[in-house]
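Engineer: If you count the sequence shown from 1, you need to add 5 to reach this note's numbering. Backbone N, C-alpha and C define an ideal beta-carbon position, used for all residues, glycine too. Bear in mind the structure is a predicted one, so any value in this text is a computation, not a measurement. Encoded as structure tokens, here's the structure I'll be asking about.
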Amino acid sequence: MTTRRTASATTTATITAAKATSNAVSKPKPSTRTAATPPAASGTASRKPSKASASPGARGASGQELRVAVIGAGMAGVACARTLAQAGCHVTLVEKSRGFGGRMATRHTEFGGFDHGAQYFTVRDERFAQALATTPDVVVPWSASTVRVLDALGHVLASNPPPREAHYVAAPGMNALVRTWAQPLADASHHLAPKQGSAVHLSTRVTRLANDPIHPGCWELHADDETTEGAQTVLDGFDRVVLALPHAQAIELLKASGLTKGAGQTLLKSLDTVTVAPCWTLMLAFPNAMQPGLPHLGPQWNAARSTHHRISWLAREGSKPRRDHIERWTVQASPAWSAEHLEDDPYRVTAKLRKAFAEVTGIRAEPTHAVVHRWRYAQTQTPLGQSHLWAPALGLGLCGDWCLGHRVEDAFVSGLELALAVLKG
Ligand SMILES: Cc1cc2nc3c(=O)[nH]c(=O)nc-3n(C[C@H](O)[C@H](O)[C@H](O)COP(=O)(O)OP(=O)(O)OC[C@H]3O[C@@H](n4cnc5c(N)ncnc54)[C@H](O)[C@@H]3O)c2cc1C
């Protein structure tokens, strides 16, 4: 039922029916729209509640299985999408990046990978533990017993107490967990693929939600195809839509869709209470600086929290299981320093963070690779205080780590609980 169309850069009036392009990791069901499809409805989206939204159960407006679009393929979105697919929904997962994982990110370089987003995760919720147990190959413990608190000159102020809970990483990189969980959605031939099929669209940035002119009571998504400049895409026929985005990007999308009144306004008011800090992250590789007989450069610890005003965290990438052993460090700037220098030139940020890194670690060698990444929305400071937002009248829900906190597990729980709310109707 879900249709993918491509549109010209400037107007949706020239939309023609098109088959799924290479962005669609698995093909949606055949389109029922033709080249004579009328232009998408313009103006604000104010979806009328469909019959299904008034009645419980996983059935859509057509009486068929519920068709749900999940926007955002980070931990929250994929946790939500896989739960819905396992419950029998037709799920379409849409992600603006080329891959899965969101802030559970891994940057591949010729010197090895950098986990430049989430560093590790902990497990407190039994449902998260059960989900992790389905993919034991990609979940490995990482000893964080070497984590120390360091002052500005690299002195140990206090050893961290032995960790009360185990720390885990995904292998071979942090993005592997979400990618593995998304695989059955992307690959119809996967042995865990939902029977009724699903679709994944990568490199597809959703710009607006609108009423679906062809399927009354349904949503359609307008999106930019990130692989082709100016190309646009419309995905339609959705009974429900899930926004699994950082809260600021969810606000932008609601506003761009004209969802500023009624239930939309209520969602926006809730989102306004959330605050999230940015983070500049520095990635360093020293392939040429190794001394014969020494396993690595500098200090003996593998990861540290720091009280240096510029840096809050440092980790030796090679200390994580199943990683390349070339000396590589990931350095995270403190939330306050990141906010203060958010719009600075990346070269300037690199220089300042490199200086702080040398002060804390004593490593003064010239890195072969020194690159920064700016996370505009990194760490939740004020969470929503509930696991998700669900507006039954709109058939629209929101999830993400920001609902509950700033951890990978918060994102998982949020996505899972929103899926359960969607299924309840
Ligand atoms: C530097 C850093 C360090 C961290 N360290 C830790 C840690 O050590 N331990 C821990 O537990 N947590 C850590 N976290 C937090 C953890 O990464 C997050 O809690 C979790 O990954 C959030 O998942 P999410 O699905 O809610 O959001 P995200 O991972 O941000 O996923 C949102 C997705 O939506 C996509 N998207 C956005 N807009 C659109 C659009 N318009 N159309 C389509 N797709 C869109 C994005 O590309 C992204 O893939 C860290 C985060 C950062 C940035």
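Taking the alpha helix (DSSP H) that S275 falls in, what are its first and last residues?
Structural biologist: Within the sequence shown, the letter at position 270 stands for residue 275. G267 to L276 is the extent of the alpha helix (DSSP H) around S275.
Engineer: When you compare only the Cα positions, how much space is there between P388 and H411?
Structural biologist: Sequence index remark: in the sequence shown, residue 388 carries index 383 (1-based). Sequence index remark: in the sequence shown, residue 411 carries index 406 (1-based). Whole-angstrom Cα-Cα distance: 8 Å.
Engineer: Give me the Cα-Cα distance between A419 and M179, rounded to the nearest whole angstrom.
Structural biologist: Reading the sequence shown from its first residue, position 414 is the one you call residue 419. Reading the sequence shown from its first residue, position 174 is the one you call residue 179. Note on identity: in this sequence residue 419 is Ser, with Ala being the wrong assignment. Taking the straight line joining both Cα atoms gives about 19 Å.
Engineer: Under the criterion of a Cβ to heavy atom distance below 8 Å, does Y125 qualify as lining ligand 1?
Structural biologist: On the sequence shown, position 120 is the one that residue 125 refers to. Yes; taking the cut-off as 8 Å, the Cβ of Y125 has a heavy atom of ligand 1 nearer than that.
Engineer: Do you know whose CA, among G405, E231 and S317, lies nearest G159's CA?
Structural biologist: For the purposes of this step, residue 159 is identified with residue 154 of the sequence shown, where counting begins at 1. For the residues G405, E231 and S317, the minimum Cα distance to G159 belongs to S317.
Engineer: Quick one: using the 10 Å Cβ neighbour count with 16 as the cut-off for buried, is V99 buried or exposed?
Structural biologist: One-based indexing of the sequence shown puts residue 99 at position 94. Per the 10 Å Cβ criterion, buried.
Engineer: Using a Cβ-based criterion (distance less than 8 Å to any ligand heavy atom), does R210 qualify as near ligand 1?
Structural biologist: Here residue 210 is taken as the residue at index 205 of the sequence shown, counted from 1. Yes, Cβ of R210 sits closer than 8 Å to a heavy atom of ligand 1.
Engineer: For the putative contact between L214 and S262, defined by C-beta atoms under 8 Å, what is the C-beta separation to the nearest angstrom?
Structural biologist: Translated into the one-based positions of the sequence shown, residue 214 becomes position 209. Translated into the one-based positions of the sequence shown, residue 262 becomes position 257. Indeed, because the Cβ distance is near 4 Å, the residues count as touching under 8 Å.
Engineer: S419: beta carbon under 8 Å from a heavy atom of ligand 1?
Structural biologist: Taking the sequence shown and counting its residues from 1, one reaches residue 419 at position 414. True, at least one ligand heavy atom lies under 8 Å from that Cβ.
Engineer: Is A81 near ligand 1, going by C-beta to nearest heavy atom under 8 Å?
Structural biologist: The residue given as residue 81 occupies position 76 in the sequence shown. A81 has its CB nearer than 8 Å to a heavy atom of ligand 1.
Engineer: Just the Cα atoms here: how many angstroms apart are L259 and L273?
Structural biologist: Translated into the one-based positions of the sequence shown, residue 259 becomes position 254. Translated into the one-based positions of the sequence shown, residue 273 becomes position 268. Answer to the nearest angstrom: the Cα atoms are 8 Å apart.
Engineer: Relative to ligand 1, is the shortest distance from any of its heavy atoms to the C-beta of Q188 smaller than 8 Å?
Structural biologist: Counting from 1 along the sequence shown, the entry for residue 188 is found at position 183. No - ligand 1 has no heavy atom lying nearer than 8 Å to the Cβ of Q188.
Engineer: In its own chain, which residues sit with a C-beta less than 8 Å from the C-beta of S31, not counting the 5 before and 5 after it?
Structural biologist: What you label residue 31 is simply residue 26 of the sequence shown in a count that begins at 1. Confidence at S31 is low in this model, with a pLDDT of 39, below 50, so the placement of that residue should be treated as unreliable; the coordinate-derived value is given next. Excluding residues within five positions, the ones whose Cβ falls inside 8 Å are L190, A191, D192, A193, G202, S203, A204 and V205.
Engineer: In this structure, how does DSSP classify T37 when only helix, strand and coil are distinguished?
Structural biologist: Here residue 37 refers to the residue found at position 32 when the sequence shown is read from its first residue. Residue placement at T37 is flagged as unreliable, the pLDDT there being 26, under the threshold of 50; the coordinate-derived value follows with that caveat. In the structure shown, T37 sits in coil (DSSP, three-state: anything other than H, G, I, E or B).
Engineer: For ligand 1, I want to know if I316 counts as a neighbour, meaning its beta carbon is within less than 8 Å of at least one of the ligand's heavy atoms.
Structural biologist: Numbered from 1 along the sequence shown, position 311 holds the residue referred to as residue 316. Flag unset: Cβ of I316 not near ligand 1.
Engineer: Buried or exposed, going by whether 16 or more other CB atoms sit within 10 Å of the CB of A74?
Structural biologist: Here residue 74 refers to the residue found at position 69 of the sequence shown. Buried, since its Cβ has 16 or more Cβ neighbours within 10 Å.
Engineer: For ligand 1, is there a heavy atom less than 8 Å away from the beta-carbon of H411?
Structural biologist: Stepping through the sequence shown from its first residue, residue 411 is reached at position 406. For ligand 1, at least one heavy atom lies less than 8 Å from the Cβ of H411.
Engineer: If you follow the beta strand (DSSP E) that T280 is part of, which residue opens it and which one closes it?
Structural biologist: Counting from 1 along the sequence shown, the entry for residue 280 is found at position 275. Note, T280: beta strand (DSSP E), T280 to A290.
Engineer: When you measure from the CB of R108 to every non-hydrogen atom of ligand 1, does any distance come out below 8 Å?
Structural biologist: Numbered from 1 along the sequence shown, position 103 holds the residue referred to as residue 108. R108: yes, Cβ under 8 Å from ligand 1.
Engineer: By how many angstroms is the C-alpha of F362 removed from the C-alpha of S311?
Structural biologist: For the purposes of this step, residue 311 is identified with residue 306 of the sequence shown, where counting begins at 1. For the purposes of this step, residue 362 is identified with residue 357 of the sequence shown, where counting begins at 1. Approximately 10 Å between the Cα atoms of the pair.
Engineer: Ignore the nearest five residues each way along the sequence and tell me which others in L425's own chain have a CB closer than 8 Å to its CB.
Structural biologist: To locate residue 425, count along the sequence shown from 1; it is residue 420. So the list reads T88, once near-sequence residues are dropped.
Engineer: What are the start and end residues of each continuous beta strand (DSSP E) run of 3 or more residues lying completely inside the stretch 212-271, in chain order?
Structural biologist: Fully enclosed beta strand (DSSP E) runs of 3 or longer: 224-230, 237-243 and 245-248.
Engineer: With a CB to CB cut of under 6 Å and the five nearest residues on each side skipped, what residues in its chain are close to T111?
Structural biologist: Within the sequence shown, numbered from 1, the residue matching residue 111 stands at position 106. For T111, where only same-chain residues beyond five positions count, the Cβ hits under 6 Å are G118, D120, G178, M179 and N180.
Engineer: For a test of the three-state rule: what should DSSP assign to S419, helix, strand or coil?
Structural biologist: In the sequence shown, counting from the first residue as 1, residue 419 sits at position 414. Looking at S419 - three-state DSSP - the assignment turns out to be helix.
Engineer: Name the one or two DSSP bridge partners that R321 has.
Structural biologist: For the purposes of this step, residue 321 is taken as residue 316 along the sequence shown, with counting starting at 1. R321 is bridged by DSSP to W334.
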